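For the sequence shown, the positions run 5 to 82 when this note's numbering is used.
Yeah, the Cβ is synthetic: ideal placement off N, Cα and C, and Gly gets one too.
Since the model is a prediction, treat every value here as computed from it, not as a measurement.
Worksheet: the structure to be examined is printed underneath.
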Amino acid sequence: IFLNNPYTGHPSLTALEADVLWEYAKLAANVKQVANKAKGLSKEPDEQLLARLRDLEKKMGLVLTLFKASIWGVINEQ
């Protein structure tokens, strides 16, 4: 469907209508591919992404701890 326009030469369609239908068919095929990939990702977690998110979670915990310590220091100075 991506290489040849199946609507070209159809007696009921103008050239513009055939091109629009072809673009719609290509878009529908791409949307189906995206939906299938999204289903695959939702079924089984991406281990690499999970590892990166765990690292980020640890770093954010450290940032929060340092932030709390600095706020505590400012409060104690006053």
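Secondary structure in the stretch 23-68: no beta strand (DSSP E) run of 3 residues or longer lies completely within the stretch. Residue state for N80 is assigned as helix, using DSSP reduced to three classes. Straight-line spacing of the CA atoms in H14 and K36 works out to 25 Å.
Separation of the CB atoms of W26 and N9 is rounded to 4 Å, and the pair is thereby assigned contact status at 8 Å.
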